[in-house]
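Participant: My questions will all concern the structure given below.
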Amino acid sequence: QSVPVQELSLHEGRLYWPGADDDGFGFALTPYAMGQACQKLGMPAAYFARCPKSLQDAQFNHWRSVERKERQKAGGDGEERWTLRAKNSTIRGVLSAKYEKLDNHQLLEALVPALSGSDYQVKLFNISDESFHLRLIDPRMSRLAFPGDPLLVAIHVANSEIGLRAVTIDACVYRQVCSNGLVRRVAGKSILKQRHIHVATEGLIPSLQEAVQQAKLVAAAFMEQMILSAKTLVPDPERAIQILASSWGLTKQTVEYIRFGLHGESRPDTVYGLLNAVTNAAQRLSPDGRFELETLASVLIDTNDDSRAGASLRHAVLAPKSAAPFELALS
3 QSVPVQELSL HEGRLYWPGA DDDGFGFALT PYAMGQACQK LGMPAAYFAR
53 CPKSLQDAQF NHWRSVERKE RQKAGGDGEE RWTLRAKNST IRGVLSAKYE
103 KLDNHQLLEA LVPALSGSDY QVKLFNISDE SFHLRLIDPR MSRLAFPGDP
153 LLVAIHVANS EIGLRAVTID ACVYRQVCSN GLVRRVAGKS ILKQRHIHVA
203 TEGLIPSLQE AVQQAKLVAA AFMEQMILSA KTLVPDPERA IQILASSWGL
253 TKQTVEYIRF GLHGESRPDT VYGLLNAVTN AAQRLSPDGR FELETLASVL
303 IDTNDDSRAG ASLRHAVLAP KSAAPFELAL S
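Residue numbers (the working numbering): 3 to 333.
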């Protein structure tokens, strides 16, 4: 529903507005939705979450009124509308009035004709209250990195119904022996990115068709770089892991996952081994965390990435054991 902000009120942690529900019990908010509401009202979400419900009510209702008065002083009519997305009696998204729906089922319905002509296989599917991820491989497009180690062209489709992310299609390389995935951005961007604003549903199928074909071509080319990475030695794999941890802000647990994965690689002293240790560790993360780490990992072999940060990271990882610390290498 699209609701004027001045009609909203929070009582005992539940959101109310005229005609919201028949039983008068209001709506609970998910932590993510509450964080969105806090951001719109200029309140620190982490602090707000720690407050007792009575204080949350007072702050929400106060700042909602202040926001309206400030807009009136600026010459507006003071009315702002929020788009609220709910399931049953829970608000799952607090979005701007410009937000346009492009739900998971709409995306899938448009994706089916865009995938015609190939026998795709699903290798990853995850749907949660916040996001949707789908990874498809084309078994006809594959290469052997080594005997018994096939790589396949894949595409990765993602969406969020509550504003966490746009609709995206990305190129992906899928390693069959361990289900690892490597996501490759082009110039730092997805092949397709459709924000939930100005959604042209009539043009969605052609856009998806074009993006799918382009993603497959990008993935096929990137697969060659991945195979070549098996010939590139990493002089000090342990130091390389620490460099990645520092550069990407990895948790200690994720670093341990990478170390564990590296021990299982037949070529742990190569970029190929390091790359697969990272993408194997990514499988232990949340779907969004996994996607992010798989995207970061591609920088290790993406020689088309001419950014200073990417080049510095690759240089530091491949530096000999006697090289200066990573901080000096970057400078």
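By construction, the Cβ of each residue, glycine as well, lies at the ideal position given by its N, Cα and C atoms.
When DSSP labels each residue in this structure, what does residue 334 get in the three-state scheme?
Facilitator: As shown, the chain starts at 3 and ends at 333. That puts residue 334 outside it, with no answer to give.
Participant: Can you list, in chain order, the residues of its chain whose CB lies under 8 Å from that of residue 167, leaving out five sequence neighbours each side?
Facilitator: Walking along the sequence shown from the start, residue 167 turns up at place 165. Cβ within range, chain order: 133, 160, 161 and 290.
Participant: What is the rounded straight-line gap between the Cα of residue 191 and the Cα of residue 297?
Facilitator: On the sequence shown, position 189 is the one that residue 191 refers to. On the sequence shown, position 295 is the one that residue 297 refers to. Spanning the two alpha carbons is a distance of roughly 11 Å.
Participant: Mapping the DSSP letters down to three states, classify residue 244 as helix, strand or coil.
Facilitator: Counted from its first residue, the sequence shown places residue 244 at position 242. Residue 244 falls in the helix class under three-state DSSP.
Participant: Would you mind stating whether residue 53 and residue 41 have Cβ atoms separated by less than 8 Å?
Facilitator: In the sequence shown, the residue the question calls residue 53 occupies position 51. In the sequence shown, the residue the question calls residue 41 occupies position 39. Cβ distance not < 8 Å, so residue 53 and residue 41 don't count as in contact.
Participant: Answer yes or no: the CB of residue 240 versus the heavy atoms of the ligand ZN, is any distance below 7 Å?
Facilitator: What this structure holds is no ligand at all, so the ligand ZN is not there to describe.
Participant: Can you look up residue 320 in the DSSP assignment and give me helix, strand or coil?
Facilitator: For this step, residue 320 is matched to residue 318 along the sequence shown. DSSP places residue 320 in helix when its eight states are reduced to three.
Participant: Who are the Cβ neighbours of residue 310 in its own chain at under 8 Å, not counting the five residues just before and after it?
Facilitator: One-based indexing of the sequence shown puts residue 310 at position 308. Here the set comprises nothing.
Participant: Have a look at the DSSP bridge pairing and note the partners of residue 84.
Facilitator: Working through the sequence shown from its first residue, we reach residue 84 at position 82. Per DSSP, 5 and 98.
Participant: Within its chain, find whatever has a CB closer than 6 Å to the CB of residue 237; leave out the 5 residues flanking it on each side and keep chain order.
Facilitator: In the sequence shown, counting from the first residue as 1, residue 237 sits at position 235. The residues are 322 and 323.
Participant: Under the three-state reduction of DSSP, which class applies to residue 103: helix, strand or coil?
Facilitator: Here residue 103 refers to the residue found at position 101 when the sequence shown is read from its first residue. Coil at residue 103, not helix or strand.
Participant: The beta strand (DSSP E) with residue 173 in it runs from where to where?
Facilitator: Along the sequence shown, one-based indexing puts residue 173 at 171. It spans 169-177 - the beta strand (DSSP E) in which residue 173 sits, taken as one unbroken run.
Participant: Assign residue 253 to one of three DSSP states: helix, strand, or coil.
Facilitator: Counting from one through the sequence shown, the residue named residue 253 turns up at place 251. Here residue 253 sits in coil by DSSP.
Participant: Quick check on DSSP: helix, strand or coil for residue 203?
Facilitator: For the purposes of this step, residue 203 is taken as residue 201 along the sequence shown, with counting starting at 1. DSSP places residue 203 in helix when its eight states are reduced to three.
Participant: Among 22, 115, 200 and 148, which residue has its Cα nearest to the Cα of residue 88?
Facilitator: Residue numbering aside, residue 88 sits at position 86 when the sequence shown is read from its first letter. The shortest Cα separation from residue 88 among 22, 115, 200 and 148 belongs to 22.
Participant: Which first and last residues belong to the beta strand (DSSP E) in which residue 286 is found?
Facilitator: In the sequence shown, the residue the question calls residue 286 occupies position 284. Where residue 286 is concerned, there is no enclosing beta strand (DSSP E), given that its DSSP letter is neither H nor E.
Participant: Does DSSP classify residue 19 as helix, strand or coil?
Facilitator: Here residue 19 is taken as the residue at index 17 of the sequence shown, counted from 1. Residue 19 falls in the coil class under three-state DSSP.
Participant: Mapping DSSP to helix, strand and coil, what is residue 27?
Facilitator: On the sequence shown, residue 27 is found 25 positions in, with the first residue counted as 1. Of the three classes helix, strand and coil, the one that applies to residue 27 here is coil, per DSSP.
Participant: Using three-state DSSP, classify residue 52 as helix, strand or coil.
Facilitator: Position 50 of the sequence shown, counted from the start, is the residue given in the question as residue 52. Residue state, collapsed to three classes: helix.
Participant: Does the region 243-251 come close enough to the region 199-207 that 3 or more CB-CB pairs lie under 8 Å?
Facilitator: The region 199-207 is not in contact with the region 243-251.
Participant: On a CA-only basis, which of 129, 11 and 215 is nearest residue 65? Give me that one, please.
Facilitator: Working through the sequence shown from its first residue, we reach residue 65 at position 63. It is 11 whose Cα lies nearest to the Cα of residue 65.
Participant: Do three or more CB pairs link the region 263-272 to the region 293-308 at distances below 8 Å?
Facilitator: The region 263-272, when compared against the region 293-308, does not touch it at the 8 Å Cβ threshold.
Participant: In terms of residue numbering, what span does the alpha helix (DSSP H) encompassing residue 42 cover?
Facilitator: Position 40 of the sequence shown, counted from the start, is the residue given in the question as residue 42. From DSSP, the alpha helix (DSSP H) with residue 42 extends over 33-43.
Participant: Rounded to a whole number of angstroms, what is the C-alpha to C-alpha distance between residue 172 and residue 158?
Facilitator: Position 170 of the sequence shown holds residue 172. Position 156 of the sequence shown holds residue 158. Using only the alpha carbons, I get a separation of about 5 Å.
Participant: Starting from residue 64, follow its DSSP beta bridges and name the residues at the other end.
Facilitator: Taking the sequence shown and counting its residues from 1, one reaches residue 64 at position 62. DSSP lists no partner for residue 64.
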